[in-house]
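Worksheet for the structure shown next.
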Amino acid sequence: ILPGITRDSIIQLARHLGYEVVEGKIAADFAMRADEAFCCGTAAVISPIGSITHGEDKKVYGDGAPGSITVQLYDALTGIQNETEEDIFGWLHPLP
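Residue -15 is where the sequence shown starts when you use the working numbering, and the numbers rise one by one after that.
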């Protein structure tokens, strides 16, 4: 897992919204039981993962649309970035 500003922001938002965030390696069966999954980065903000294949098993997440948690985190982060939501974290700084 690479450190990054977007990743850190998503983790802070998730915790603020009441989600338990655990950082570390996870077993494939844990990922296969998840209701949704996503990746994050500067350009994409949050991108839902459509499926994961492990051996002969394939886990498809949702119906191809982003899951509710993914949408909630995306909306929260982009709302702060676009200044339509309050920046309670102090992330935004005016440029001279």
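Heads up, the beta-carbon is just placed ideally off N, CA and C, and yes, glycines get one too. Note that the structure is a prediction, hence the values are computed from the model and not measured.
Query                                                                                                                                                        : Result
For the beta strand (DSSP E) holding Gly(-12), just list the boundary residues, first then last.                                                             : Premise fails: Gly(-12) is in no beta strand (DSSP E) and is neither H nor E.
State the Cα-Cα distance for the pair Ala60 and Gly(-12), rounded to the nearest angstrom.                                                                   : 18 Å
Short of 8 Å in beta carbon distance, which residues of its chain neighbour Trp75, apart from the five on each side in sequence? Order them along the chain. : Ser(-7), Ile64
Just grab the DSSP bridge partners of Pro32 for me.                                                                                                          : Phe22
At what residues does the beta strand (DSSP E) containing Val44 begin and finish?                                                                            : 41 to 44
Going by beta carbon distance, what residues of the same chain come within less than 7 Å of Phe73, once the five residues before and after it are set aside? : Gln(-4)
Pick helix, strand or coil for His77, following the three-state DSSP scheme.                                                                                 : coil
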